[in-house]
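Asker: For what it's worth, numbering that gives the first Met the number 0 labels the leading residue of the sequence shown as 0, then goes sequentially. Virtual Cβ for every residue (Gly too), placed ideally from N, Cα, C.
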Amino acid sequence: MRIATLLARAGCGTDAKTGAISTPIYQSATFCHPGLGESTGFDYARTGNPTRAVLEKTLAELDGGARASAFSSGMAAIDAVFRLIPDGGRNRVVLTEDPYGGTVRLMDRFGCRAGLVPVYADTSDSGAVERELERGGVALVMVEIPSNPLLRVADIARLAEAARAAGALLAVDNTFLTPWLFRPFEHGADLVLYSVTKYLAGHNDVLAGAVVSRTREMGDRVAYVQNAAGAVPGPMDCWLTLRGVKTLGIRMDRQQANALRVAEFLSRHRRVTRTRYPGLPGDPGYERLRRQASGSGAIVSFEVERSEMVPDILANVRAFAFAESLGGVESLITYPLVQTHADLAPELRERLGLNDRLLRLSIGIEDAEDLVEDLDRTLRMAM
0 MRIATLLARA GCGTDAKTGA ISTPIYQSAT FCHPGLGEST GFDYARTGNP TRAVLEKTLA
60 ELDGGARASA FSSGMAAIDA VFRLIPDGGR NRVVLTEDPY GGTVRLMDRF GCRAGLVPVY
120 ADTSDSGAVE RELERGGVAL VMVEIPSNPL LRVADIARLA EAARAAGALL AVDNTFLTPW
180 LFRPFEHGAD LVLYSVTKYL AGHNDVLAGA VVSRTREMGD RVAYVQNAAG AVPGPMDCWL
240 TLRGVKTLGI RMDRQQANAL RVAEFLSRHR RVTRTRYPGL PGDPGYERLR RQASGSGAIV
300 SFEVERSEMV PDILANVRAF AFAESLGGVE SLITYPLVQT HADLAPELRE RLGLNDRLLR
360 LSIGIEDAED LVEDLDRTLR MAM
């Protein structure tokens, strides 16, 4: 089935006993055994829950993967991927140099203690990643597409080929594009990661993550970590995600249409010095993303003239909510320097352009003209 049909039918017809069109919420921590040495397939909720199993099957189907594992957050999903790297031998991990700040915190404060050696590279520069792979010892390349919040675009097929030649895994954080717009396995990725909290669930009411594996063997390894560490979502969150996934395509189409309208407006505004959105023809990642994906997503970043404008903008927006996170139906505005990327080293933030004038927008499904008018009003009145 095509992806729009898979989305609409997410969780349908999974309860053979009752024929319920919606997957039931199995709010149970444990399950009875039919007899000694027998199991219904479910024993204890950390290992497996029927509602979660339906979500995991759905996520694997959407990406064309062999197996998916759901986690209690996107960070728990990333942590599970880091745990796949065996002790000894290869221990270098190449990471997008402008990732979500929590990824940096997890790696630098915990991954390094476990013997991992992070290498932060501009993953939109394939040559830079290839040079790191040629140096040897790389176990994993982890890429955000587009990167957060600078929206730089990597060539996934080229990185997959280089990683495979070097004996490394390629993990792609596809949170911003989702399988509606991009399917990394079709370009050679080994693992696909999601903060399910964002577009997949889509309504700012769920905290969850996921890892989808290209092969069953890799999926089993991820599931082992999932069970051992126990960072799993509850059945209610799984059910809410299944319900949210059904409208993913409709939401994403509206959100990215709105994002393009907002980005075009910001790119012409006299008080905006730079607009970042890979759906704009002048953006550095525009052509590369067009070759790989069917859309550009709904995140827009922009820089204003002066940092003194930022507090006024955040205080006076009305169609946007000043909040962390992204991907919901409501439009949000975020100040990455202090909200999401404070854990990046100051010198790195400065070099990347992640400065005190940068704002990030998560565009929702509102009327695009209301969003534009709200930004225009707040930009004009800002000190």
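So L61 and P232 are supposed to be a Cβ contact under 8 Å. How far apart are they, rounded?
Answerer: By 1-based counting over the sequence shown, the position of residue 61 is 62. By 1-based counting over the sequence shown, the position of residue 232 is 233. With 8 Å as the limit, L61 and P232 do not qualify as a contact, their Cβ atoms being about 17 Å apart.
Asker: Mind listing, in chain order, the continuous alpha helix (DSSP H) runs of no fewer than 4 residues lying wholly within the stretch 57-114?
Answerer: 73-81 and 100-105
Asker: Look at the alpha carbon of I144 and the alpha carbon of H32, and state the distance between them as a whole number of angstroms.
Answerer: Your numbering for residue 144 matches position 145 in the sequence shown. Your numbering for residue 32 matches position 33 in the sequence shown. Cα-Cα distance, rounded: 44 Å.
Asker: Leaving out five residues on either side along the sequence, give the residues of the same chain with a beta carbon under 6 Å from the beta carbon of A28.
Answerer: The sequence position of residue 28 within the sequence shown is 29, counting from 1. Cβ neighbours of A28 beyond the five flanking positions: A44.
Asker: Return the Cβ separation of P254 and F70 in integer angstroms, given the expectation that the two are a contact with Cβ distance under 8 Å.
Answerer: What you label residue 254 is simply residue 255 of the sequence shown in a count that begins at 1. What you label residue 70 is simply residue 71 of the sequence shown in a count that begins at 1. Position check: residue 254 holds Gln in this sequence, whereas Pro was assumed. About 24 Å separates the two Cβ atoms, so there is no contact after all.
Asker: With a threshold of 8 Å, are at least 3 pairs of Cβ atoms found where one atom belongs to the stretch 79-93 and the other to the stretch 113-133?
Answerer: yes
Asker: For Y334, does the three-state DSSP call read helix, strand or coil?
Answerer: Mapped onto the sequence shown, residue 334 falls at position 335. Three-state result, Y334: coil.
Asker: Give the range of the beta strand (DSSP E) segment to which S38 is assigned.
Answerer: Locating residue 38 in the sequence shown gives position 39, where the first residue counts as 1. It is not in any beta strand (DSSP E) - S38 carries neither H nor E in the DSSP assignment.
Asker: Note down the Cα distance separating L105 from P98, rounded to an integer number of angstroms.
Answerer: If you number the sequence shown from 1, residue 105 lands on position 106. If you number the sequence shown from 1, residue 98 lands on position 99. One C-alpha to the other measures close to 12 Å.
Asker: Here's the rule I'm using: 16 or more other beta-carbon atoms within 10 Å means buried, otherwise exposed. How should K16 be labelled?
Answerer: Position 17 of the sequence shown, counted from the start, is the residue given in the question as residue 16. Around the beta carbon of K16, fewer than 16 other beta carbons lie within 10 angstroms, which makes this residue exposed.
Asker: When DSSP builds the beta bridges, which residues end up paired with D369?
Answerer: Looking up residue 369 in the sequence shown gives position 370. In DSSP, D369 forms no bridge with anything.
Asker: According to DSSP, M251 sits in a beta bridge with which residue or residues?
Answerer: In the sequence shown, the residue the question calls residue 251 occupies position 252. DSSP output for M251 lists no bridge partner at all.
Asker: To the nearest angstrom, report how far apart L313 and R348 are at their CA atoms.
Answerer: For the purposes of this step, residue 313 is taken as the residue at position 314 of the sequence shown. For the purposes of this step, residue 348 is taken as the residue at position 349 of the sequence shown. Answer to the nearest angstrom: the Cα atoms are 21 Å apart.
Asker: Hey, out of R157, R242, R220 and D124, whose CA is closest to C11's CA?
Answerer: Here the question's residue 11 lines up with position 12 in the sequence shown. Minimum Cα distance to C11 is reached at R242.
Asker: Since I believe L360 is in contact with S324 (beta carbons under 8 Å), could you give me their beta-carbon distance rounded to a whole number of angstroms?
Answerer: Here residue 324 corresponds to residue number 325 of the sequence shown, with the count starting at 1. Here residue 360 corresponds to residue number 361 of the sequence shown, with the count starting at 1. That pair is no contact at about 12 Å.
Asker: Since S123 and G284 should fall inside the 8 Å C-beta cutoff, what is the C-beta to C-beta distance between them, to a whole number of angstroms?
Answerer: Along the sequence shown, read from residue 1 onward, the residue named residue 123 stands at position 124. Along the sequence shown, read from residue 1 onward, the residue named residue 284 stands at position 285. Right, their Cβ atoms sit about 7 Å apart.
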